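Position 38 (the sequence shown) corresponds to 38 in the UniProt record's numbering; numbering is contiguous.
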Amino acid sequence: MDEDNHIREFTMDNSGQGPLKILGLGDISLYSELPKNLRFHQGLDDWEEGWVQKPRLTARELAMIGLTNFLTDIPDWHIDIFNDKDIAIWHEMAMKNKLISEKAWEWCLAELRDRARLFRTTNRVLALDAGACVSKSDITIPQPPRESCARLSRNCALIDPSLYPLVYGKTKALLDGGKVGLNGFSKSYGQGITTEIPRVHPKGSNVAGAAYGLKNSGVPFYSDEDLYRWSTNYQ
1 MDEDNHIREF
11 TMDNSGQGPL
21 KILGLGDISL
31 YSELPKNLRF
41 HQGLDDWEEG
51 WVQKPRLTAR
61 ELAMIGLTNF
71 LTDIPDWHID
81 IFNDKDIAIW
91 HEMAMKNKLI
101 SEKAWEWCLA
111 ELRDRARLFR
121 TTNRVLALDA
131 GACVSKSDIT
141 IPQPPRESCA
151 RLSRNCALID
161 PSLYPLVYGK
171 TKALLDGGKV
181 GLNGFSKSYG
191 QGITTEIPRV
201 HPKGSNVAGA
211 AYGLKNSGVP
221 FYSDEDLYRW
231 STNYQ
């Protein structure tokens, strides 16, 4: 698929009721992307829609978001945030992070108190408040489903994906549809069609070019004073 027209509308289907249609299998390219108005907005590439975080979050701002997200997971946080004794304990814990200064703590404290007042009426709190926002709540999902999910997560026989990876050109898949059930699954051994190897776009990272650009811009390689750093915790 041409790299310039990989953004298009498509429908994925792994129900087994018809041909398999997922990224990299069937007639959908591994590099296909939905138009931005049909996919989850994120701050890395959605420039036109205004969802981008600009300027990017600094390491300290990410640390503050992480701290407020952690504290709002504590039971009755919206009550304890107005209790001096609990605040002192949280303050001592927060100061162990070198990125949290006294001014940063005071900002987080004021923001948490504002969120606590809002939490009493909405029963939700922002876990990520930046160019794009994510909120969390303990009561949005009814109690019975939450209890069922909690019971299911206690005993899980997990299979490491690295034991049975998808290898294009070797792995067989039911491209024409069908399902493999738990009963009699051994009868399905050997069925399926060998997956094709997707054509890789001739596009790579130009490390040498980036280094040359930094050098010509006058920014020393050892200095990040004017640069922003991303954290993988929120990507």
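All C-beta atoms, glycine included, are put in the ideal place defined by N, C-alpha and C.
All figures in this text were calculated on a predicted structure; none of them were measured in a lab.
What separation, rounded to the nearest whole angstrom, lies between the Cα atoms of E9 and I22? Near 13 Å, if we compare the C-alpha coordinates of I22 and E9.
Helix, strand or coil: how does DSSP classify S135 here? Looking at S135 - three-state DSSP - the assignment turns out to be strand.
What is the C-beta distance between C108 and T68, in whole angstroms, given that I count them as a contact (C-beta under 8 Å)? The Cβ separation is near 5 Å, so the contact holds.
State yes or no: is the C-beta of L175 within less than 8 Å of the C-beta of I197? Against a cut-off of 8 Å, the Cβ pair of I197 and L175 comes out as no contact.
According to the neighbour-count rule (16 or more other Cβ atoms, all chains shown, within 10 Å of its Cβ), is T195 buried or exposed? By the neighbour-count rule (16 or more Cβ atoms within 10 Å), T195 is buried.
How many Å lie between E33 and I7 at the Cα? Here the C-alpha atom of E33 lies approximately 5 Å from the C-alpha atom of I7.
Taking the alpha carbon of K136 as the point to measure from, which residue in T11, R124, S29, G66 has its own alpha carbon closest? It is R124 whose Cα lies nearest to the Cα of K136.
Selection from A173, R56, L182, K85 that minimises the alpha carbon distance to G190: It is A173 whose Cα lies nearest to the Cα of G190.
Could you tell me whether the Cβ atoms of A63 and L112 are closer together than 8 Å? 8 Å or more divides the Cβ of A63 from the Cβ of L112.
Taking the Cβ atom as the reference point for each residue, do A116 and I81 lie within a distance shorter than 8 Å? Taking a C-beta distance under 8 Å as the contact criterion, A116 and I81 qualify as a contact pair.
Quick one: what does DSSP say D13 is sitting in, helix, strand or coil? Judged by DSSP in its simplified three-state form, D13 adopts strand.
Bridge partner(s) assigned by DSSP for V125: Its beta-bridge partners are K136.
Pairwise C-alpha distance: R60 and N97: Those two C-alpha atoms are separated by around 10 Å.
Per DSSP, the bridge partner or partners of I7: Partner(s): E33.
Within this structure, are the beta carbons of G18 and K179 separated by less than 8 Å? No, these two residues do not count as a Cβ contact at 8 Å.
Candidates S188, L166, G181, of which the one nearest L30 by Cα: When only C-alpha atoms are compared, the closest one is L166.
Could you give the residue range of the alpha helix (DSSP H) that holds D76? That residue, D76, is in no alpha helix (DSSP H); it is neither H nor E in DSSP.
Assuming I65 is part of the alpha helix (DSSP H), what are its boundary residues? Annotation for I65: the continuous alpha helix (DSSP H) segment containing it runs 59-71.
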